[in-house]
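Single-structure report; data block below.
Residue numbers (the working numbering), protein chains in the order written: chain A, 124 to 642; chain B, 124 to 642.
Shown next, in the form of structure tokens:
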């Protein structure tokens with residue numbers, strides 16, 4: 124495939140095996156890799172590197188690196204490196220089980236950074252020197268410019284800042300991707316920054332290629348492996364109910380004149396619930412939809428295919444095998460309907476605020492006052508990371524958080540008295556939605572928020588206990604702005620059983636009425 | 124004074140007493156008032172309104188209103204209305220003792236909103252209809268345009284959106300204020316928003332006046348009362364130490380090439396510590412300083428007077444009597460060195476991010492992982508509100524939070540295991556400074572942040588207990604990413620005595636080594 128995909132002779136001369144390339148990566152180095160939600164990550168070199176690390180560890184040597192990416196990747200990157208204990212530090216987002224296990228065992232450092240902040244932190248020198256970049260591309264042009272792959276992420280920054288660059292050219296990626304990207308080269312350090320001139324999702328302000336000093340490219344590796352592409356489960360009843368509440372809310376907002384009839388650019392987080400919302404939009408009365416988001420999943424891709432959505436801007440295409448097949452068949456057709464940008468632009472506060480994005484993101488737990496935990500289990504274990512949810516929620520026109528009302532087969536309430544970790548503060552959460560209903564928190568003081576969230580969003584099984592906590596807080600909290608009983612704020616967790624014990628104890632104390640508990 | 128300050132005849136005909144004007148305000152109405160940190164608030168009508176409310180309440184009638192402002196005001200507004208129980212709801216920031224008491228007693232609703240969000244929420248219709256605006260101005264031009272006073276705040280929005288407008292013309296305000304403001308009339312609702320074309324703090328993009336449909340103006344009231352202007356206490360030892368650590372940090376950042384030699388535009392919160400930092404800059408090697416901030420206090424004003432600072436952009440002038448005297452004497456001289464803008468622009472994420480502001484804000488407590496509580500006492504009582512700290516911290520080039528390491532004469536540690544309320548998440552806090560030292564958290568994972576904050580920032584009296592909590596969490600936390608023992612996270616509070624009890628209990632349990640406690 125070399126001549127076809129690697130059209131620059133000088134770079135063709137640097138083709139080598141993944142193992143040869145991996146051997147060029149120094150121990151202890153800072154490495155920036157491509158990859159965003161299982162799209163466009165390097166598929167050969169990290170695996171080969173893991174092998175070298177394993178061999179080194181077997182010899183009693185330490186071989187670990189620090190790894191930055193766009194966002195989550197795949198087993199061939201995060202999984203492989205975590206399995207051999209090859210990562211000292213990881214940023215800014217991950218979702219790999221082995222990786223997560225190591226982080227939560229205290230064996231590996233993890234920096235959970237807003238996705239829009241990464242490039243700025245790297246350029247500002249806040250994260251130290253970048254030694255190596257490993258970036259997947261769809262091809263190399265005659266002039267040496269790189270044709271980006273299915274995600275852009277932080278690739279521009281990695282390529283610009285790294286001392287050494289390893290390129291993976293992936294012939295599985297559709298060559299029709301060429302022209303679908305918009306890589307903005309106008310960023311500066313302050314005080315020299317200019318406005319980011321995006322006034323609508325389809326505006327193009329950059330180049331279709333990635334630029335890299337060929338002198339820095341130390342290796343070119345060929346691959347034809349597919350992106351990680353797990354299928355979406357069909358929307359379950361809860362997801363459909365959540366989606367339904369959101370669409371109903373849109374209709375209400377349009378009627379009230381608070382949203383235009385074609386809505387505003389949509390941002391949608393990753394996962395099945397987000398996908399279900401897009402599915403539901405397919406059957407909605409809205410047309411001429413646009414998206415200014417991070418990731419295009421199947422649901423959004425289907426809206427584009429059907430013509431309901433006229434343009435989507437993101438930083439990654441994360442499609443199931445079926446949708447990827449569709450896309451690959453007709454990629455050229457989508458070139459004027461999709462643009463992929465660096466994540467510093469897809470997630471830029473300036474652009475998100477200007478466009479008035481409708482942000483829809485998932486959560487782990489929300490509390491009755493509207494604080495959201497997107498990252499931690501019992502306040503101490505990381506799940507994935509905050510990702511871009513903060514970039515979007517804070518700057519959105521409408522900031523919606525969505526979740527099933529309970530988790531673990533109903534054992535745990537996702538609505539709690541006090542979240543054990545805060546990623547989105549009460550100041551940033553406008554709407555909370557569960558399958559039970561939607562809580563519009565705009566203009567509500569904390570106590571009114573509490574009543575609305577409990578009434579509209581809590582699972583019936585947990586509603587009495589939440590009401591009880593709130594009523595007790597109204598009675599015993601030292602302050603009545605945000606009533607809390609700190610000693611009990613977390614006792615609600617982690618499960619209904621523990622709470623049952625608490626309620627028995629409270630009843631014995633005569634602090635609560637036993638019959639208040641009847642459900 | 125009428126002819127001089129109220130140069131429009133039609134509006135001069137609407138002059139009436141404050142009591143007559145107050146009588147035009149309907150019960151239960153939504154009222155937007157001027158005022159930002161004790162500058163430019165209406166000084167007559169709210170007092171007269173409080174009187175009317177008091178009389179109504181004495182007759183057994185209910186007379187309450189909802190009040191929005193720029194930020195905090197003064198006893199004549201918040202104090203007077205709170206004393207007569209005249210406010211149903213208050214937003215977006217307050218600092219009045221009576222007001223605070225009512226909120227924390229549950230007698231009054233308070234909405235704690237990012238200052239940059241207020242205008243957007245009002246224009247979006249998220250907060251309901253605005254009935255009345257009461258706005259202080261320095262004068263009225265022949266053409267009916269309003270000359271803004273010592274703060275701009277949300278005045279443009281109140282004047283544009285209210286059904287009825289009451290103007291207070293304050294002749295105490297220097298008439299030389301004319302020309303010092305920059306009121307941007309280019310904002311739009313999405314999807315019609317354009318870039319905010321500010322590329323440096325001194326850029327002017329708007330008008331020097333406020334525009335208001337004269338038909339809507341139902342009353343003009345004259346006053347000559349001064350702004351609330353409490354003197355600053357001279358910087359104490361702690362404030363000077365904090366300031367010293369920050370200046371030293373700047374020097375280090377300049378040396379590392381992470382800050383330009385003239386620094387970047389400064390934002391500085393309100394209060395004595397912020398003032399001390401400005402004082403310390405006076406003696407620093409930095410020149411050509413600029414500010415892109417909310418409030419100009421004495422310290423910043425002195426930097427301008429001495430020529431160390433060449434330009435400051437804000438939304439309010441909040442000066443002590445002495446500094447106000449200086450300013451009033453030479454106001455015309457400062458017209459090309461100071462600009463006052465609407466707070467939707469002074470606090471705009473787009474501009475703050477672009478300019479690369481150095482944000483410096485206070486806090487109530489910070490936890491060992493870098494989460495900051497700016498608003499709540501024991502998680503339930505409001506102090507003042509988040510103000511603009513979120514607008515600046517999230518979008519800044521450098522986000523610095525500063526506090527003495529202990530409060531209440533050393534009884535309470537301002538560094539705690541887990542904050543009881545989160546206003547700034549671990550993702551948004553780059554630097555924490557106390558008089559003990561500075562913790563640079565950039566690039567550090569949670570556990571490294573904890574060690575750095577405890578080592579550099581905690582008061583020696585509390586350091587052992589914090590270390591003990593952290594060590595115990597390392598041992599017993601269910602997850603080791605952000606080690607916490609939820610049952611004990613808040614027991615550290617509220618004072619050393621309680622913790623002493625906890626440590627005795629832990630020692631008896633054999634869970635901690637008794638000698639680990641020796642200080």
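Just so it is clear, CB atoms sit at the ideal spot from N, CA and C, and this is done for glycine as well.
Quantities reported herein were computed from a predicted structural model and do not represent experimental measurements.
Quick test of your reading: residue i and residue j, contact by CB under 8 Å. State the CB separation rounded to the nearest angstrom.
i	j	result
residue 579 of chain B	residue 559 of chain B	7 Å
residue 506 of chain B	residue 613 of chain B	Actually they are not in contact, since the Cβ atoms of residue 506 of chain B and residue 613 of chain B sit about 18 Å apart, beyond 8 Å.
residue 161 of chain A	residue 352 of chain A	7 Å
residue 399 of chain A	residue 444 of chain A	With a Cβ gap of about 19 Å, residue 399 of chain A and residue 444 of chain A do not count as contacting.
residue 234 of chain B	residue 256 of chain B	So it is not a contact: roughly 18 Å between Cβ atoms.
residue 473 of chain B	residue 477 of chain A	7 Å
For residue i, which residues in chain B fall below 9 Å Cβ to Cβ?
i	result
residue 603 of chain A	226, 227, 228, 229, 230, 503 and 504
residue 320 of chain A	318
residue 613 of chain A	609, 610, 612 and 613
residue 375 of chain A	Neighbours of residue 375 of chain A on chain B: none; closest Cβ ~12 Å, over 9 Å.
residue 212 of chain A	566 and 568
Run through DSSP, which three-state label would residue i get?
i	result
residue 401 of chain A	helix
residue 233 of chain B	strand
residue 129 of chain B	strand
residue 137 of chain A	coil
residue 306 of chain A	strand
residue 177 of chain A	helix
residue 142 of chain B	helix
residue 350 of chain A	coil
residue 488 of chain A	strand
residue 420 of chain A	coil
residue 553 of chain B	coil
residue 457 of chain A	helix
residue 567 of chain A	coil
residue 390 of chain A	strand
residue 321 of chain B	coil
residue 407 of chain B	coil
residue 499 of chain A	strand
Would you say the beta carbon of residue i is closer than 6 Å to some non-hydrogen atom of the ligand MN?
i	result
residue 484 of chain A	This structure lacks the ligand MN, and indeed carries no ligand of any kind.
List, in order along the chain, the chain A residues whose C-beta lies closer than 9 Å to that of residue i?
i	result
residue 520 of chain B	243, 247, 312 and 313
residue 111 of chain B	Within the shown structure, residues of chain B are numbered from 124 to 642, placing residue 111 of chain B beyond reach of any answer.
residue 236 of chain B	550
Chain A partners of residue i, CB-CB under 7 Å?
i	result
residue 233 of chain B	568 and 604
residue 372 of chain B	Result: empty, since nearest Cβ-Cβ is about 13 Å, beyond 7 Å.
residue 600 of chain B	503
residue 517 of chain B	517
residue 499 of chain B	605
Check the Cβ of residue i against every Cβ in chain A and list those closer than 8 Å, keeping chain order.
i	result
residue 545 of chain B	494, 545 and 548
residue 250 of chain B	565 and 566
Out of the options, which has the shortest C-alpha to C-alpha gap to residue i?
i	options	result
residue 141 of chain B	B/129, B/163, B/174 and B/160	B/174
residue 166 of chain B	B/185, B/204, B/147 and B/184	B/204
residue 401 of chain A	A/426, A/413, A/319 and A/567	A/426
residue 191 of chain B	B/581, B/368, B/214 and B/185	B/214
residue 481 of chain B	B/452, B/500 and B/551	B/551
residue 521 of chain B	B/237, B/512, B/528 and B/527	B/512
residue 525 of chain B	B/276, B/508, B/607 and B/391	B/391
residue 604 of chain B	A/538, A/371 and A/228	A/228
residue 510 of chain A	A/149, A/206 and A/159	A/159
residue 354 of chain A	A/441, A/368 and A/238	A/441
residue 593 of chain A	A/254, A/584, A/577 and A/583	A/577
Against chain A: residues of the segment 377-395 of chain B by CB proximity under 8 Å: 379, 380, 381, 383, 387 and 388
Residues of the segment 467-491 of chain B whose Cβ lies closer than 9 Å to any Cβ of chain A, in chain order: 471, 472, 473, 474, 475, 476, 477, 478, 479 and 480
Against chain A: residues of the segment 321-337 of chain B by CB proximity under 8 Å: 322 and 323
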